[in-house]
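For the sequence shown, the working numbering puts the final residue at 135, and the numbers step up evenly by one.
Idealized CB from N, CA, C, for every residue including glycine.
Structure, as structure tokens:
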Amino acid sequence: IRKSGITNNREEIQLGGNMVEVMAKLPERLCCKALTPNGEWTHWCAISTRSRDIMPGTTCLSTGLVDCTGAMIYENDMVSFRDREALIIWNADHLRYEMEFEKNPNDTVSRRYNTLHKSNSAELLIIGNRFEREGKENV
């Protein structure tokens, strides 16, 4: 294993000369992303030791699942699911990722949660991220 340098803000580790082979062998849940001070996303593998210039509190771990377009789903992503918007969150009490929906006027509870799993991830479409949305609201 050797480090091959930095490409597209991501440290690449080569095994047998092929980055794709390495990423295919790593569990998706080892992937992370975070916002840089200039507002761009940087992605990396959690086992990397390279330091990064990121905004504190914006690190998002991969859920290990992909949306209907094949894009990796991370915690704090905003998704569209069956014509409703939801936030992907980690539920530490139940040790699982969930979709947190805004209150629907017809619901009796304040918020509604659905477990995120492979069988429903194909119906999801990533429409943004909580930190992007917060940044736009603070402008």
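Beta strand (DSSP E) segments (min. 3 residues) lying fully within the stretch 68 to 120
68 to 70, 73 to 77, 80 to 87, 92 to 97, 108 to 111
Do N72 and R126 have their C-beta atoms within less than 7 Å of each other?
One-based indexing of the sequence shown puts residue 72 at position 76. One-based indexing of the sequence shown puts residue 126 at position 130. A contact, by the Cβ cut-off of 7 Å.
List the whole-angstrom C-beta distance separating G35 from M74, where the pair is believed to meet the contact cut-off of C-beta under 8 Å.
Locating residue 35 in the sequence shown gives position 39, where the first residue counts as 1. Locating residue 74 in the sequence shown gives position 78, where the first residue counts as 1. M74 and G35 do not touch by the CB rule: their CB atoms are close to 16 Å apart, not below 8 Å.
Starting from the C-beta of Y109, find all residues in its chain whose C-beta is less than 6 Å away, skip the five residues before and the five after it, and write them out in chain order.
Sequence index remark: in the sequence shown, residue 109 carries index 113 (1-based). Cβ neighbours of Y109 beyond the five flanking positions: E94, E96.
Neighbourhood of T111 by C-beta distance below 7 Å, restricted to the same chain and skipping five residues each side:
Here residue 111 refers to the residue found at position 115 when the sequence shown is read from its first residue. Taken in chain order, the residues that qualify are R92, E94.
Alpha carbon of R80 to alpha carbon of S117, nearest angstrom:
Taking the sequence shown and counting its residues from 1, the one referred to as residue 80 is at position 84. Taking the sequence shown and counting its residues from 1, the one referred to as residue 117 is at position 121. Between R80 and S117, the C-alpha separation is close to 14 Å.
Compute the Euclidean distance between the alpha carbons of G66 and A30, then round it to the nearest angstrom.
For the purposes of this step, residue 66 is identified with residue 70 of the sequence shown, where counting begins at 1. For the purposes of this step, residue 30 is identified with residue 34 of the sequence shown, where counting begins at 1. Taking the straight line from one Cα to the other gives about 19 Å.
For a quick check, are the C-beta atoms of L57 and I69 less than 7 Å apart?
Counting from 1 along the sequence shown, the entry for residue 57 is found at position 61. Counting from 1 along the sequence shown, the entry for residue 69 is found at position 73. Contact: no.
Do you know offhand how far T32's Cα is from I85's?
Here the question's residue 32 lines up with position 36 in the sequence shown. Here the question's residue 85 lines up with position 89 in the sequence shown. If I take the Cα positions, the gap works out to 21 Å.
A88: beta carbon under 6 Å from a heavy atom of the ligand FMN?
With respect to small molecules bound, the structure shown includes none, and the ligand FMN cannot be examined in it.
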